[in-house]
Amino acid sequence: MLPIRHGDVLLGFLWVIVGDRELTDAEREAITRGGAEVANNLWGRLREVDERRARVNALLARAFTGEDVATDLASALRWPPSGAYAVAVSAGGDEIAERLRRRRGAADFTWLTQDDRVVILARDPAPSLATELATAGATGGLCTFTALAGTHEALRHAELAALCARADRALGPIATWGKLGSWGLVAELWVGAGRPLPVSPLLTLTTHRRGDQLFEALTAFLDAGGDVAAAAKALHLHRASLYRRIQRIEEATGLDFSRGDDVLTAHLGLRLLRLYEARS
Numbered sequence: 002m003l004p005i006r007h008g009d010v011l012l013g014f015l016w017v018i019v020g021d022r023e024l025t026d027a028e029r030e031a032i033t034r035g036g037a038e039v040a041n042n043l044w045g046r047l048r049e050v051d052e053r054r055a056r057v058n059a060l061l062a063r064a065f066t067g068e069d070v071a072t073d074l075a076s077a078l079r080w081p082p083s084g085a086y087a088v089a090v091s092a093g094g095d096e097i098a099e100r101l102r103r104r105r106g107a108a109d110f111t112w113l114t115q116d117d118r119v120v121i122l123a124r125d126p127a128p129s130l131a132t133e134l135a136t137a138g139a140t141g142g143l144c145t146f147t148a149l150a151g152t153h154e155a156l157r158h159a160e161l162a163a164l165c166a167r168a169d170r171a172l173g174p175i176a177t178w179g180k181l182g183s184w185g186l187v188a189e190l191w192v193g194a195g196r197p198l199p200v201s202p203l204l205t206l207t208t209h210r211r212g213d214q215l216f217e218a219l220t221a222f223l224d225a226g227g228d229v230a231a232a233a234k235a236l237h238l239h240r241a242s243l244y245r246r247i248q249r250i251e252e253a254t255g256l257d258f259s260r261g262d263d264v265l266t267a268h269l270g271l272r273l274l275r276l277y278e279a280r281s
């Protein structure tokens with residue numbers, strides 16, 4: 002057994018199966034030279050991989066901030082400038098990408114860790130990518146796009162989707178931009194306004210002694226389109242109990258849910274409050 006080393010770095014072992022006779026000195030020297038060549042080749046490949054990875058990481062960081070590096074990024078990744086792509090952002094670090102790599106293939110995605118999050122760029126994403134990410138332990142947002150030049154905008158949308166996922170768990174561990182319904186529009190407008198604390202009649206419920214209960218009732222009522230029977234069924238409540246809670250909400254907020262504008266005010270106010278709570 003011959004250790005394969007480059008300097009002080011152990012790269013592996015070369016196993017030599019000896020026959021009936023002992024090796025000659027010349028054969029031993031030849032094996033040693035061969036081991037040195039193997040070590041040099043392995044080290045060169047590892048260094049090439051590290052250098053390429055460093056170059057890709059630098060280009061990803063620039064692309065994520067909006068720099069026009071699409072051509073260089075495509076060249077470094079050996080991907081076409083246009084095609085089917087997706088960018089995902091998740092809490093966590095390299096461990097998310099490593100788990101995903103074991104499930105997919107190392108050639109069809111790359112990633113960059115930034116502080117307490119990881120951003121993943123995937124080529125030819127399967128429809129199951131969101132599920133694969135969730136299985137890998139990811140929580141955040143996903144956005145598909147068609148050209149590497151649009152990476153920055155896609156990342157912005159993935160970040161908005163991640164915000165929506167934190168605000169409403171029903172959107173899933175990985176929320177997909179374009180499948181958020183009105184959540185996406187509300188989130189984009191709120192972020193564009195500077196993420197302010199919403200001015201809403203619902204703020205009075207945040208200090209109500211039964212605030213959690215009333216917010217739960219209001220959410221079910223609005224999600225059911227004002228259908229009290231459907232909302233009560235979803236909450237496993239008697240309709241009379243839900244009616245009383247809705248009445249308490251109207252009394253506390255001054256809203257009247259028989260008026261369409263007040264229903265819209267409540268729906269927008271509720272979503273803005275959830276986004277504000279999920280902002281960090």
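Reading the sequence shown from the start, the letters are residues 2 to 281 in the numbering used here.
Note that the Cβ used here is the ideal one computed from N, Cα and C, for glycine as well.
From the DSSP secondary-structure annotation, give me the bridge partner or partners of residue i.
i	result
R118	A92, Q115
T266	Partner(s): none; T266 has no beta bridge.
F146	Y86
G141	S91, I175
R6	L11
A123	A87, F110
Check residue i in the structure and name its three-state DSSP category.
i	result
F216	helix
L271	helix
P199	coil
F258	coil
D169	coil
H209	coil
A159	helix
T103	The residue you asked about is not Thr; residue 103 is Arg in the sequence shown. In the structure shown, R103 sits in a helix (DSSP, three-state: H, G or I).
A221	helix
A279	coil
Roughly how many angstroms lie between the CA atoms of residue i and residue j, to the nearest whole one?
i	j	result
A148	A168	29 Å
A162	A171	12 Å
R100	A137	5 Å
A285	L273	No answer is possible for residue 285: the residues shown for the chain start at 2 and end at 281.
G182	I175	15 Å
D73	L60	8 Å
N42	D125	32 Å
T25	V17	13 Å
R246	A218	7 Å
R56	E68	15 Å
L276	G8	54 Å
G141	L186	17 Å
G173	I5	48 Å
F146	A123	10 Å
P199	T208	15 Å
A155	F14	46 Å
A40	A98	29 Å
D262	G179	26 Å
A131	T114	19 Å
Check for me: the alpha helix (DSSP H) holding residue i runs from which residue to which?
i	result
G13	Where G13 is concerned, there is no enclosing alpha helix (DSSP H), although the beta strand (DSSP E) it sits in stretches over 10–15.
T136	130–136
S242	240–254
G151	No alpha helix (DSSP H) contains G151, which DSSP labels as neither H nor E.
L190	183–193
K234	229–236
Inside the stretch 18–94 only - beta strand (DSSP E) runs reaching at least 3 residues: Taken in chain order, the whole beta strand (DSSP E) runs of length 3 or more contained in the stretch 18–94 are 83–92.
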